[in-house]
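In this text, residue positions in the sequence shown follow the working numbering: the first is 5, and each later residue adds one. Glycine included, every Cβ here is placed at the ideal spot set by N, Cα and C. Working notes for the structure below.
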Amino acid sequence: MDETKAHDSRFRAALQRLFPSRKPAGTSGMATPPPASQKPSSASSPASGQSRTGAPSLARALFDRLPAPCVLCRPHPSGEFGFEDADVLDMNAAFRRLAGQDLAREHDLSLARLFGPAFRDHMPLFERVTASGRPESFELEQGNGRDVHWVTAFRPAPGLFACLFEDLAAERERNARIEYLGHHDSLTGLYNRAFCEEEIRRLDTARQYPLALIIGDMNGLKLINDVFGHTQGDEALCYIADCFRMACRTEDIIARWGGDEYLVLLPRTSAQDAATICARIRKACREGDAPLTRPGVALGYGAKTHEGQDIADVLRTAEQAMYEDKVRLARHQGGESLKSMLDALHESTRETEAHARRLHRLTQRIGQRMGLDAHELERLERLSLLHDIGKIAVPVEILNRDGPLSEEEWALVRRHPENGYRIVLASRETSPVADAVLTHHEHWDGNGYPQGLAGESIPLAARILEVVDAYDVMRHGMYQPPRSREEALAELKRCAGTQFDPAVVRMLADLLEGETE
């Protein structure tokens, strides 16, 4: 507002220079307006961009660059004294945009022509301003209600008045946006915690009982952020929010309670009905158009049924039930997420399910020949399926490119063992193979990645997998033309002792050399 006042002051001074007083000799008070039939000359038309008095360039520039729309008018007298309309003498660039360029270019413009009968209703106000010199203001609404302005009329020179327009619609929109952000979470669009706490206090009355609460906690947000980045994490949070929206009723109040927590207030809802809504939320999470990680949510609920209960105790009951649900879901949810990631990897890259099956068959035969026990063979089986799961975080166009990769792209690819380690470590069922997933690109001579391990410091399962994986890639031409069995085995033997464990290479060669194609 201070800036507007400063502009207003400079503008009035400029208009005094633009339109100097021309009182007839021996008269005082307001200058006599020219006859109504006298129209502005072409030199004074809005389209000319120049005032009819040959205004100084600085004053003209100040008028034209005023950010608020402004128009200068000369009234039409009617009867003994009274204004029925006003000629438009000049307008600044902001007002030309407000009026519309086609209309602004016309020469014979009046306020009634620009704004219709609504402006004519304010002619008594313009009459007072022109006579007294005291500014007055009013609100002007045009047609659809979306164009609302606060109009300030003032007298820049005797016999003239000017109108300065402030866009109230934009201000109201800004205020509405501020109010919205005060009540809503900016990421998900759900209500925020502060608003929800107020609603809990408002709804905690006898006429709203039973008042049910549902607490939800999204599974695996940290893993998604660590492996895929916070953008994917935000998408997962929005997906869960959409699942709540689909499952809950119009009158229910859904809020983002914390980082990965959600809360639903259900007025006049029993605990049994809250359980039904929880089932709908789980179903929406399972069947929705989810991101590739398909995040799930642990849920708990409680209900206040009478005045004697403390709503804080009901909230704690719902939280405890949610934590118990999280424990129950831990194993199942981890498997669901892994399966969705593997499916996406197999569908979009060269890491096919057929490749994983071939690795499984050969690693099991080598493991059995080496005398590994059942637990070690089971870890080899899971490693065959999951060793490249970390590639799900690498852009598909990089994984599928036939040409050379840049250093930056190779850096992304080389991070897949660490990404895979985090993914499989998050599930109790797959965590035993986490170390092998992390080290399956380490080399016998210590020149591998990501840790530069060497020799027997590399887990045996990882050493077996690396040999078998290299053999299958060469045989089936996943990145280069396929090679024969003899060519592939010759390459493995050439790299034994540098890239590969010599004992594993010998074991694979012994298994295959006596077999037919």
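(1) Give the DSSP-derived three-state secondary structure of Arg78 in the structure shown.
(2) Gln212 and Pro271 look like a contact to me (Cβ under 8 Å); what is the Cβ gap, rounded to whole Å?
(3) Assuming Phe199 is part of the alpha helix (DSSP H), what are its boundary residues?
(4) For Glu542 and Gly120, what's the separation of their Cα atoms in angstroms?
(5) With the cut-off set at 9 Å, would you say Ile219 and Gly300 are in Cβ contact?
(6) Going by C-alpha distance, which of Val477, Val471, His444 is nearest Ile462?
(7) So the beta strand (DSSP E) Gly306 belongs to, where does it begin and stop?
(8) Across the stretch 67-79 and the stretch 157-174, are there enough close Cβ pairs to call them in contact, namely three or more that are closer than 8 Å?
(9) Among the residues of its own chain, which have a CB less than 6 Å from the CB of Leu185, if the five just before and after it don't count?
(10) Would you report the Cα separation of Arg56 and Asp112, rounded to the nearest angstrom?
(11) Does DSSP put Leu267 in a helix, in a strand, or in coil?
(12) Using 8 Å as the cut-off, can you tell me whether the stretch 478-485 makes contact with the stretch 449-457, which would need three or more C-beta pairs spanning the two stretches below that distance?
(13) Pick from Asp314, Leu129, Leu241: whose alpha carbon is nearest that of Ala210?
(14) If you draw a straight line from the alpha carbon of Val92 to that of Leu115, how long is it in whole angstroms?
(15) Considering just the uninterrupted stretch of the beta strand (DSSP E) at Thr297, what are its terminal residues?
(16) Write down the C-beta distance between Gly237 and Leu225 rounded to the nearest angstrom, noting that I regard them as a contact closer than 8 Å.
(17) In or out: Leu503 buried (at least 16 other Cβ within 10 Å) or exposed?
(18) Using a threshold of 9 Å, state whether the C-beta atoms of Leu376 and Val441 are closer than that.
(19) Mind reading off the beta-carbon distance from Gly394 to His359? Whole number of angstroms is fine, and I expect it under 8 Å.
(20) Are the stretch 316-333 and the stretch 412-419 touching by the rule of at least three beta carbon pairs closer than 8 Å?
(21) Helix, strand or coil for Pro39 per DSSP?
(22) Under 9 Å between the Cβ atoms of Val133 and Phe158?
(23) What does the Cβ neighbour count give for Tyr327, buried or exposed, with the cut at 16 atoms within 10 Å?
(24) What distance in whole Å lies between the Cβ atoms of Leu227 and Arg426, which are believed to be in contact at a cut-off of 8 Å?
(25) Kindly identify the DSSP beta-bridge partner or partners of Phe67.
(26) Rounded to a whole number of angstroms, what is the C-alpha to C-alpha distance between Arg369 and Ala494?
(27) So, for Asp89: in the same chain, excluding its five sequence neighbours on each side, which residues have a beta-carbon less than 6 Å away from its beta-carbon?
(28) Please name the residue in Asn223, Glu170, Glu203, Asp221 whose C-alpha comes closest to that of Leu215.
(29) When burial is assigned at 16 or more other CB atoms within 10 Å of the CB, is Asp514 buried or exposed?
(30) Would you say the stretch 281-293 touches the stretch 243-256, given that touching needs at least three Cβ pairs under 8 Å?
(31) Tell me the rounded alpha-carbon separation between Asp406 and Val400.
(32) Reducing DSSP to helix, strand and coil, say where Ser141 ends up.
(33) Got a sec, what are the start and stop residues for the alpha helix (DSSP H) Arg249 sits in?
(34) Is the beta carbon of Leu194 less than 9 Å from the beta carbon of Ala259?
(35) Who are Ser435's beta bridge partners in DSSP?
In short, the structure shows the following:
(1) strand
(2) 4 Å
(3) 197-207
(4) Residue 542 lies beyond the residue range present for the chain, which begins at 5 and ends at 521; the question has no answer from this structure.
(5) no
(6) His444
(7) 301-308
(8) yes
(9) none
(10) Unreliable positioning characterises Arg56 in this predicted model, as indicated by a pLDDT of 42, which lies under 50. The coordinate reading is nonetheless provided below. Roughly 14 Å separates the two Cα atoms.
(11) strand
(12) no
(13) Asp314
(14) 7 Å
(15) It is not in any beta strand (DSSP E) - Thr297 carries neither H nor E in the DSSP assignment.
(16) 6 Å
(17) Leu is not the amino acid found at residue 503; the sequence shown has Gln there. By the neighbour-count rule (16 or more Cβ atoms within 10 Å), Gln503 is buried.
(18) no
(19) With a Cβ gap of about 16 Å, Gly394 and His359 do not count as contacting.
(20) no
(21) Annotation note: pLDDT 42 at Pro39 (below 50); position unreliable, coordinate value reported separately. Pro39 falls in the coil class under three-state DSSP.
(22) yes
(23) exposed
(24) 6 Å
(25) Phe67 is not bridged to any residue.
(26) 20 Å
(27) His80, Ser114, Ala116
(28) Glu203
(29) exposed
(30) yes
(31) 12 Å
(32) strand
(33) 234-251
(34) yes
(35) None; Ser435 has no bridge partner.
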